[in-house]
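Participant: All letters in the sequence shown, in the order written, are residues 144 to 467 by the working numbering.
Ideal Cβ positions, reconstructed from N, Cα and C, are used throughout, including at glycine.
Bear in mind the structure is a predicted one, so any value in this text is a computation, not a measurement.
Dropping the structure in here first, questions after.
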Amino acid sequence: LSMPHTVARGPDGRIYVSEMNRILTLDPEAADPAATVRTVIGDLPDNRLHDNRHPLSSFVFDGDGALLVNVGAPSDRCLDARGRARANGSGGCADSAETAQVRRHAYLGDGRWAQDSTVFASGLRNSIALVRHRSGTILQGENSVDLTTPDHPYDEINVLRQGGHYGWPYCVDLTTPLPGWSAAQARCDRRDRPVALLPPHAAPLDLIYYEGAMFPELRGRLLMSWHGYRRAAGRIVAAETDAQGRPLTDIGGRYAIYPRGALPYPAGAPSVRGKVLTPGWDAVAGRQPRGSPVVLAVAADGSIWVTDDRSRAILRIARSEIAD
Numbered sequence: 144l145s146m147p148h149t150v151a152r153g154p155d156g157r158i159y160v161s162e163m164n165r166i167l168t169l170d171p172e173a174a175d176p177a178a179t180v181r182t183v184i185g186d187l188p189d190n191r192l193h194d195n196r197h198p199l200s201s202f203v204f205d206g207d208g209a210l211l212v213n214v215g216a217p218s219d220r221c222l223d224a225r226g227r228a229r230a231n232g233s234g235g236c237a238d239s240a241e242t243a244q245v246r247r248h249a250y251l252g253d254g255r256w257a258q259d260s261t262v263f264a265s266g267l268r269n270s271i272a273l274v275r276h277r278s279g280t281i282l283q284g285e286n287s288v289d290l291t292t293p294d295h296p297y298d299e300i301n302v303l304r305q306g307g308h309y310g311w312p313y314c315v316d317l318t319t320p321l322p323g324w325s326a327a328q329a330r331c332d333r334r335d336r337p338v339a340l341l342p343p344h345a346a347p348l349d350l351i352y353y354e355g356a357m358f359p360e361l362r363g364r365l366l367m368s369w370h371g372y373r374r375a376a377g378r379i380v381a382a383e384t385d386a387q388g389r390p391l392t393d394i395g396g397r398y399a400i401y402p403r404g405a406l407p408y409p410a411g412a413p414s415v416r417g418k419v420l421t422p423g424w425d426a427v428a429g430r431q432p433r434g435s436p437v438v439l440a441v442a443a444d445g446s447i448w449v450t451d452d453r454s455r456a457i458l459r460i461a462r463s464e465i466a467d
């Protein structure tokens with residue numbers, strides 16, 4: 144496999160996997176699983192690492208069976224080597240026509256999807272974290288641009304809608320324009336705003352709704368893996384949600400940082416109301432690296448499985464059984 148990321152069960156019960164340039168299906172329980180591999184969506188942008196900052200693909204199934212597929216932005220801010228905007232003829236980002244978007248591939252039935260796609264939502268730097276709530280809400284975890292300051296910009300949770308534009312590469316946070324683009328190009332007041340801010344450089348790489356039995360207090364909550372290497376990341380966080388699956392927010396909240404302490408979100412901004420499930424997951428010399436969670440899954444017993452790429456392990460979060 145070439146840089147696989149998302150593994151999900153489709154509407155037909157089969158297993159689907161995203162690679163860098165395609166989505167495939169296979170039967171992992173077959174005598175020869177490799178012989179069952181079939182390409183479902185091919186010819187996704189071949190985002191090789193030396194050409195592209197965001198090579199991973201991800202997807203989620205919509206309610207009608209359509210595939211919503213992430214195509215990440217090839218650059219950080221759509222700027223040239225001198226820090227000038229790489230604009231197209233209409234003044235927008237030259238990369239926006241084919242990338243920085245979530246594409247929709249219609250379901251044709253019988254395990255087939257349209258190879259041609261439409262743009263479902265755009266202005267999304269990297270939509271690795273996608274999830275669909277049973278109400279139909281599609282959430283996206285936005286990995287914002289890599290400014291050098293550790294405390295800006297904030298990452299985001301967005302509610303995706305057909306035709307929405309979420310700001311990349313012109314705006315971050317709620318309506319903050321980015322250097323390199325003029326106010327006339329940015330038009331931040333016309334972009335879709337995030338439903339909630341996440342800590343700066345949290346780098347959300349997965350979102351799932353917890354419906355397991357082991358942790359009834361988490362049922363219905365949105366679980367997030369914060370993969371980033373800055374001081375607010377390296378955590379798994381659970382957020383309360385409303386009936387549509389949108390995270391509940393605080394105004395004027397705070398977020399935890401390593402090694403200890405907390406910092407405020409911007410005044411007046413909606414911030415995710417989250418509970419850290421992995422406190423103390425900082426690096427311990429000779430014992431463990433800082434947490435670097437990627438993909439989340441809920442097992443049949445309700446335990447939470449986590450892939451961690453820094454420790455190269457699959458971790459299991461489960462309730463302790465302590466005898467009286």
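Please confirm whether A326 and A346 have their CB atoms less than 8 Å apart.
Facilitator: Here residue 326 corresponds to residue number 183 of the sequence shown, with the count starting at 1. Here residue 346 corresponds to residue number 203 of the sequence shown, with the count starting at 1. Their beta carbons are not under 8 Å apart, which means A326 does not touch A346 by this criterion.
Participant: So the alpha helix (DSSP H) Q328 belongs to, where does it begin and stop?
Facilitator: Working through the sequence shown from its first residue, we reach residue 328 at position 185. Run containing Q328: A326 to A329, per the alpha helix (DSSP H) assignment.
Participant: Determine whether the beta carbon atoms of N213 and F202 lie at a separation below 8 Å.
Facilitator: Looking up residue 213 in the sequence shown gives position 70. Looking up residue 202 in the sequence shown gives position 59. Yes, they are a contact pair.
Participant: Quick check on R455: does DSSP put it in helix, strand or coil?
Facilitator: Along the sequence shown, one-based indexing puts residue 455 at 312. Of the three classes helix, strand and coil, the one that applies to R455 here is coil, per DSSP.
Participant: Are the CB atoms of A264 and W256 within a distance shorter than 8 Å?
Facilitator: The residue given as residue 256 occupies position 113 in the sequence shown. The residue given as residue 264 occupies position 121 in the sequence shown. Not closer than 8 Å, so no.
Participant: Note down, in chain order, each residue of its chain lying with its Cβ closer than 6 Å to the Cβ of P397, except the 5 sequence neighbours on either side.
Facilitator: For the purposes of this step, residue 397 is identified with residue 254 of the sequence shown, where counting begins at 1. As written in the sequence, residue 397 is Arg, which differs from the Pro given in the question. Only A405 and P407 meet the Cβ criterion.
Participant: Using the Cα positions of L341 and A174, report the straight-line distance between them to the nearest angstrom.
Facilitator: As a position in the sequence shown, residue 341 is number 198, starting the count at 1. As a position in the sequence shown, residue 174 is number 31, starting the count at 1. Cα to Cα, L341 sits roughly 44 Å from A174.
Participant: Please report the straight-line C-alpha distance between A329 and D219, rounded to a whole angstrom.
Facilitator: Translated into the one-based positions of the sequence shown, residue 329 becomes position 186. Translated into the one-based positions of the sequence shown, residue 219 becomes position 76. Looking at the two C-alpha atoms, the distance is approximately 16 Å.
Participant: Can you tell me whether R333 is helix, strand or coil according to DSSP?
Facilitator: Position 190 of the sequence shown, counted from the first residue, corresponds to residue 333. Residue state, collapsed to three classes: helix.
Participant: Assign A356 to buried or exposed, taking buried as 16 or more other Cβ atoms, counted over all protein chains shown, within 10 Å of its Cβ.
Facilitator: As a first step, residue 356 must be located in the sequence shown, where it is residue number 213. When all chains shown are included, A356 counts as exposed.
Participant: Using only CA atoms, which one of R362, T168 and T421 lies nearest to I460?
Facilitator: For the purposes of this step, residue 460 is taken as residue 317 along the sequence shown, with counting starting at 1. When only C-alpha atoms are compared, the closest one is T421.
Participant: What did DSSP end up calling E360 once you bin it into helix, strand or coil?
Facilitator: Start at 1 with the first residue of the sequence shown, and residue 360 comes out as number 217. The answer is helix: DSSP assigns E360 an H, G or I state.
Participant: How about the stretch 224-233 and the stretch 273-291: do they share at least three Cβ pairs that are nearer than 8 Å?
Facilitator: Cβ pair count under 8 Å is below three, so no.
Participant: I need the straight-line Cα distance from I447 to I158, nearest angstrom please.
Facilitator: Taking the sequence shown and counting its residues from 1, the one referred to as residue 447 is at position 304. Taking the sequence shown and counting its residues from 1, the one referred to as residue 158 is at position 15. Between I447 and I158, the C-alpha separation is close to 19 Å.
Participant: Assign T182 to one of three DSSP states: helix, strand, or coil.
Facilitator: Walking along the sequence shown from the start, residue 182 turns up at place 39. Strand.
Participant: Which residues bound the beta strand (DSSP E) around Q258?
Facilitator: By 1-based counting over the sequence shown, the position of residue 258 is 115. Per DSSP, Q258 belongs to no beta strand (DSSP E) and is neither H nor E.
Participant: Thinking just about the alpha-carbon of each residue, which of V315, R453 and M146 is nearest to the one in A412?
Facilitator: Taking the sequence shown and counting its residues from 1, the one referred to as residue 412 is at position 269. Closest by alpha carbon: V315.
Participant: State the DSSP-derived secondary structure class of P422, mapped to helix, strand or coil.
Facilitator: Numbered from 1 along the sequence shown, position 279 holds the residue referred to as residue 422. Coil, per DSSP.
Participant: Would you tell me roughly how many angstroms separate the C-alpha atoms of R247 and S260, rounded to the nearest one?
Facilitator: Indexing the sequence shown from 1 puts residue 247 at position 104. Indexing the sequence shown from 1 puts residue 260 at position 117. For R247 and S260, the distance between alpha carbons rounds to 5 Å.
Participant: Using alpha carbons as the reference points, say which of V338, C221 and R334 lies closest to G323.
Facilitator: Along the sequence shown, read from residue 1 onward, the residue named residue 323 stands at position 180. The shortest Cα separation from G323 among V338, C221 and R334 belongs to C221.
Participant: Would you kindly report the start and end of the unbroken beta strand (DSSP E) that includes V302?
Facilitator: Reading the sequence shown from its first residue, position 159 is the one you call residue 302. Element bounds for V302: Y297 to L303.
Participant: For D349, collect the residues of the same chain with a Cβ closer than 6 Å to its Cβ; drop the 5 residues on either side in sequence, then sort them by chain order.
Facilitator: As a first step, residue 349 must be located in the sequence shown, where it is residue number 206. Closer than 6 Å at the Cβ level, and outside the excluded window around D349, lie A272, S368, V438 and L439.
Participant: To the nearest angstrom, how far is the alpha carbon of P390 from that of R362?
Facilitator: Within the sequence shown, numbered from 1, the residue matching residue 390 stands at position 247. Within the sequence shown, numbered from 1, the residue matching residue 362 stands at position 219. Distance between the alpha carbons of P390 and R362 is about 13 Å.
Participant: Whose CA, out of R165, S200, P343 and D393, lies closest to the CA of D186?
Facilitator: Position 43 of the sequence shown, counting from 1, holds the residue named residue 186. It is R165.
Participant: What's the gap between the Cα of R334 and the Cα of I394?
Facilitator: Against the sequence shown, residue 334 aligns to sequence position 191. Against the sequence shown, residue 394 aligns to sequence position 251. So the alpha carbons of these two residues sit roughly 21 Å apart.
Participant: Quick check: what's the CA-CA separation for K418 versus I379?
Facilitator: Here residue 418 refers to the residue found at position 275 of the sequence shown. Here residue 379 refers to the residue found at position 236 of the sequence shown. Spanning the two alpha carbons is a distance of roughly 9 Å.
Participant: So S454 and P432 are in contact, right, with Cβ under 8 Å, and what is the actual spacing, rounded?
Facilitator: By 1-based counting over the sequence shown, the position of residue 454 is 311. By 1-based counting over the sequence shown, the position of residue 432 is 289. With a Cβ gap of about 6 Å, S454 and P432 count as contacting.
Participant: Using only the alpha-carbon positions, how far apart do A151 and P293 sit?
Facilitator: By one-based count along the sequence shown, residue 151 stands at place 8. By one-based count along the sequence shown, residue 293 stands at place 150. In a straight line, the C-alpha of A151 is about 34 Å away from that of P293.
Participant: For the beta strand (DSSP E) that R397 lies in, which residues bound it at each end?
Facilitator: Mapped onto the sequence shown, residue 397 falls at position 254. First-last of the beta strand (DSSP E) with R397: R397 to A399.
Participant: Around the C-beta of D223, are 16 or more other C-beta atoms found within 10 angstroms, so that it is buried, or is it exposed?
Facilitator: Taking the sequence shown and counting its residues from 1, one reaches residue 223 at position 80. It counts as exposed.
Participant: Could you check which residue in G153, M163 and G423 has the C-alpha nearest to that of S145?
Facilitator: One-based indexing of the sequence shown puts residue 145 at position 2. Nearest C-alpha to S145: M163.
Participant: Which word fits I300, buried or exposed, when buried means at least 16 other C-beta atoms lie within 10 angstroms of its C-beta?
Facilitator: Here residue 300 refers to the residue found at position 157 when the sequence shown is read from its first residue. Per the 10 Å Cβ criterion, buried.
Participant: Consult DSSP for A264 and reduce its assignment to one of helix, strand or coil.
Facilitator: Taking the first residue of the sequence shown as position 1, residue 264 is located at position 121. Looking at A264 - three-state DSSP - the assignment turns out to be strand.
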